[in-house]
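S.K.:
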Amino acid sequence: MKRIIIDNGVKVLGLICCSAMLAVNTSCENFLEEKEVPRLTNDYYNSEQGVEAGVTSIYSYMRDFVGGETINELTEYGNDLITGGNDGWNRGANLYNTGMSSTTGACWSLWNSSYQAIGVANKVLESMSEVNMTRDKKEQYTAEINFLRSYFYFDLVQQFGRIPLVTYAVNEPKTDFKRASVEDVYKQIITDLRYAEEHLRETAGGDAQGRATKYAAAHLLAKVYLTRGSAVKDARGQKSTDMDSAYYYARKVIDSNKYQLQRNFADLWDINNMGNSEVVFAVQFTEDKIYNGNGNQSHLLWCSEYDKFPGMKRDMENGRPYKKHMPTNKTMLELYDRKNDSRFYKSFKWTFYCNNPTKDLALGDTAVYYSMYPKKNRPYKYTYLQWKAEDIDKQENGMTNRKNYPHLVKYIDPLRGDDMNRKEGVREWVRMRLGETYLIAAEAAGRKGDYGLAAELINVIRERAAWHDGETKMAQYWVEEGGEYNNTESTYEEIKVKAADLQNNFVDFILDERGRELLGEYTRWPDLVRCEKLVEYAKKWNPDSAPNVEDYHKLRPIPQNHIDRLNPKGSNEEEQNPGYF
């Protein structure tokens, strides 16, 4: 299928039109060198071509969050399942120290790109009243823009709490933006998404893969209701009907029959299977270097150091190892039924095959093997590395023990070109998939006390998670986990849940289930915050975070670049989140 191609000139259009917006730098010199800038003015939006270019431009801002380390830093550090590897342990978002401040680059990056996108959305919405196009097209574009605006506001409100809520075009310099309540931001998000869900098309059609659809809006709306309604102490404007709404919109996606779970969990991460039947919405990239910008750089951040071992050198298939994210002991030792839940062994890369022959290792031989268990008493020519629980608890300068661990396979990207050091990846960034839709519906049902329905929905995911009838299990099943050699029977009955399993500590159960299914998919920190579990979980399972994490860390600091431009400027309490002034 065709994917959206973002032209650099089109993106300039988006930046120029909202240059008065609160998030945009006052200097635009780096943008003025782009092609065709003279014709890209606000008036350009007063045409059907301009509206289409503007909408396409908004999509391009989604790429920014994985075009570096922004979303990784703000969602995967400092939680219970992931901590920093050798080159990421000391990030402020992981240590909850002064490194997380109003000048933190990731906070500004998220804020800046999001408000740029919102600025374009508001301008195009304003301009459409002057555009001569059919009613159907106008309705479609309006719905698409509402989806996009809500998408960015949802990311912002989860990270920063009270934020400026701007739903009109800013055409003149403006410096007096006030922060709206979290309740009002959620109201606007829901208003936008309900319109989008009602008016968007069921499929992307002939436009391009990557366009928002009715079911992308329904999935996001279900998650918004779930997030708002998860609050007990936090004031998000939650309503008694939020779980009903979350369930209703999640079921719309499930019952549409537009999407199907991939039968094998491993197939989700096959880069040749992008755009598969489970993907509800994904941010698109391209193998064309001209149009790919910074690309999707997530592949860099989950790799451990494999290229220093005998028989190995850095290559395209195994990735460029930045060693930023590593699993915690909870993930490796407690979270999974390692024998019967195939997601554990299918989520990580355990074996590296020789690509640099030595005296003892031929091309294709096993060169590096990661294990959960001690080395057995037999000769090994390859490097055998056991997961050691004590390693993660060491606080040594350099963190040399954090270079080597099985790395997550979900972002490996061998299609990024012929240069093994190239950072600009091409893998799509899946933001919504049917596996999560089922878990949203299950959580909504469970929070309403219907544990039977919750178990039924969770078991749809568990059935896929199990080893299947006829499936050749990975060798760990019998070599390390005590299974029988060549056993090809299903393990579903071993991991199937019952209603009674969910009645005590349901929130803890569903958080762990989301962890098993969505590990590393940029949902964990927001999940812990929305369930008001961040401090408890980080203190218990993340030794890096435990000494410093406090309740105020459930919000990020408002970027100083924004505060410095405010005029008039309010008090610290008005402009900044608690704990950061």
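When we follow my numbering, the leftmost residue of the sequence shown carries the number 8, and every step to the right adds one.
All residues carry an ideal CB built from backbone N, CA and C; glycine is no exception.
Just verifying my parser: in three-state terms, what is the DSSP assignment at residue 522?
M.R.: helix
S.K.: Below 8 Å on the Cβ atoms is my contact criterion, and I expect residue 435 with residue 282 to pass it. Report the Cβ-Cβ distance as a whole number of Å.
M.R.: 7 Å
S.K.: According to DSSP, is residue 287 helix, strand or coil?
M.R.: strand
S.K.: Using a 10 Å radius around the Cβ and a threshold of 16 neighbouring Cβ atoms, would you call residue 581 buried or exposed?
M.R.: exposed
S.K.: Is it the case that the Cβ atoms of residue 329 and residue 94 are separated by a distance below 8 Å?
M.R.: Their beta carbons are under 8 Å apart, which means residue 329 touches residue 94 by this criterion.
S.K.: Can you name, in chain order, every residue of its own chain whose Cβ lies under 7 Å from the Cβ of residue 520, other than the five neighbours on each side?
M.R.: 446, 465
S.K.: Could you say which of 489, 298, 193 lies nearest to residue 235 if we only look at CA atoms?
M.R.: 193
S.K.: According to DSSP, is residue 46 part of a helix, a strand, or is it coil?
M.R.: With a pLDDT of 41 at residue 46, under the threshold of 50, the modelled position of this residue cannot be trusted, and the question is left open.
S.K.: Counting Cβ pairs closer than 8 Å, one from the stretch 314-323 and one from the stretch 457-473, do we hit at least three?
M.R.: no
S.K.: Can you give me the C-alpha to C-alpha distance between residue 657 and residue 253, rounded to a whole angstrom?
M.R.: Here the chain covers residues 8 to 588 and nothing more, so residue 657 does not appear.
S.K.: Restricting to Cα atoms, I'd like to know which of 166, 67, 144, 142 is closest to residue 82.
M.R.: 166
S.K.: Among the residues of its own chain, which have a CB less than 6 Å from the CB of residue 398, if the five just before and after it don't count?
M.R.: 408
S.K.: Do you know how far the Cα of residue 114 is from the Cα of residue 584?
M.R.: 13 Å
S.K.: Going by DSSP, name the residue or residues bridged to residue 440.
M.R.: Partner residues in the beta bridge of residue 440, as assigned by DSSP, are 286.
S.K.: I want to check one thing, is the minimum distance from the CB of residue 449 to the heavy atoms of the ligand GDP below 7 Å?
M.R.: Of the ligands one can find in the structure shown there are none, so the ligand GDP has no counterpart to examine.
S.K.: Going along the chain, which residues of its own chain have a beta-carbon closer than 8 Å to the beta-carbon of residue 467, five neighbours each way excluded?
M.R.: 268, 445
S.K.: Since residue 373 is in the beta strand (DSSP E), which residue starts that stretch and which ends it?
M.R.: 373-378
S.K.: Can you find the residues in the same chain that come closer than 7 Å, C-beta to C-beta, to residue 334, ignoring five residues on each side of it along the sequence?
M.R.: 88, 89, 412
S.K.: Thinking C-alpha only, which one of 127, 56, 558 is nearest residue 64?
M.R.: Shortest Cα-Cα distance from residue 64 to any of 127, 56, 558 involves 127.
S.K.: Along the chain, which unbroken stretches of the beta strand (DSSP E) at least 3 residues long are found entirely within the stretch 428-497?
M.R.: 436-440
S.K.: Just to confirm, is the Cβ distance from residue 432 to residue 292 under 8 Å?
M.R.: yes
S.K.: Round the Cβ separation of residue 309 and residue 418 to the nearest angstrom and send it over; I've been treating them as touching at under 8 Å.
M.R.: 5 Å
S.K.: By the three-class DSSP mapping on this structure, what secondary structure does residue 154 have?
M.R.: helix
S.K.: Along the chain, which unbroken stretches of the alpha helix (DSSP H) at least 4 residues long are found entirely within the stretch 108-139?
M.R.: 112-134
S.K.: By Cβ distance below 7 Å, which residues in the same chain neighbour residue 568 in space, the five residues on each side in sequence not counted?
M.R.: 115
S.K.: Which value, in whole angstroms, describes the spacing of the CA atoms of residue 570 and residue 576?
M.R.: Taking the straight line joining both Cα atoms gives about 7 Å.
S.K.: Identify the continuous beta strand (DSSP E) that holds residue 393 and give its terminal residues.
M.R.: 390-393
S.K.: Considering only C-alpha positions, which residue in the set 498, 566, 453, 483 is nearest to residue 513?
M.R.: Comparing Cα-Cα distances from residue 513 to each of 498, 566, 453, 483, the minimum goes to 453.
S.K.: Along the beta strand (DSSP E) that carries residue 351, what are the first and last residues, could you check?
M.R.: Careful: residue 351 lies outside any beta strand (DSSP E), inside the alpha helix (DSSP H) at 350-354.
S.K.: For the stretch 117-127 against the stretch 335-347, do three or more pairs of beta-carbon atoms, one drawn from each stretch, fall closer than 8 Å, so that the two count as touching?
M.R.: no
S.K.: Based on Cα-Cα distance, which residue from 549, 285, 159 lies nearest to residue 103?
M.R.: 549
S.K.: Quick one: any contact between the stretch 488-507 and the stretch 342-359, if contact means 3 or more CB pairs under 8 Å?
M.R.: yes
S.K.: Assign residue 175 to buried or exposed, taking buried as 16 or more other Cβ atoms, counted over all protein chains shown, within 10 Å of its Cβ.
M.R.: With fewer than 16 other Cβ atoms within 10 Å, it is exposed.
S.K.: When we look at the beta-carbon of residue 297 and count the other beta-carbons within 10 Å, is it buried (16 or more) or exposed?
M.R.: Per the 10 Å Cβ criterion, exposed.
S.K.: Could you spell out the range, first to last residue, of the beta strand (DSSP E) harbouring residue 418?
M.R.: Segment: none, residue 418 is in no beta strand (DSSP E) and carries neither H nor E.
S.K.: Starting from the Cα of residue 518, find the closest Cα among 507, 539, 387 and give me that residue.
M.R.: 539
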